[in-house]
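Residue numbers (the working numbering): 134 to 279.
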């Protein structure tokens, strides 16, 4: 049990360096080849870059989560009732500016530019979502400390 897969997403405007965003996501997933940059235009026509990274293997996904560090993971666990949806996805928002500076800070929507994370929990009938989520966070903390 644990995480089925994890994805991270950041949006860079046309005047920002999208490769800095890609570098930050590369650090989060531990694999620069998992990062993709999609160039497109916004609704109003200005260029934007959608930077995404996705890991579909359980072990790699848990390792990515562990990169958040013990304090951030413990904070996420305290917020489970707010950040886990009905599809058993943990929604995570990291402060983009802090992440670009090499620091992990959990933040809320709308406060600052963010990196959005979605960790799909592997939950089967008869399992309690909160128990699986707590076990997953405990495994990630253990991995972060080792």
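Glycine residues also receive a C-beta, built at the ideal position from the N, C-alpha and C atoms.
All figures in this text were calculated on a predicted structure; none of them were measured in a lab.
Item                                                                                                 : Value
Length of the line joining the Cα atoms of residue 173 and residue 259                               : 43 Å
Inside the segment 199-223 only - alpha helix (DSSP H) runs reaching at least 4 residues             : 203-211 and 213-216
Nearest to residue 189 (by Cα), restricted to the options 158, 271 and 138                           : 138
Exposure label - residue 196; buried when at least 16 CB within 10 Å                                 : buried
Nearest-angstrom Cα separation, counted from residue 226 out to residue 243                          : 10 Å
Local conformation of residue 145 per DSSP, three classes                                            : strand
Residue 182: first and last residue of the uninterrupted beta strand (DSSP E) it sits in             : 180-188
Exposure of residue 248, with buried meaning 16 or more beta-carbon neighbours within 10 Å           : buried
For residue 277 and residue 98, believed in contact at Cβ under 8 Å, the rounded distance            : Given a span of 134 to 279 for the chain in the structure shown, any question on residue 98 remains unanswerable.
Cβ-based neighbour list, residue 208, same chain, cut-off 8 Å, excluding 5 preceding and 5 following : 239
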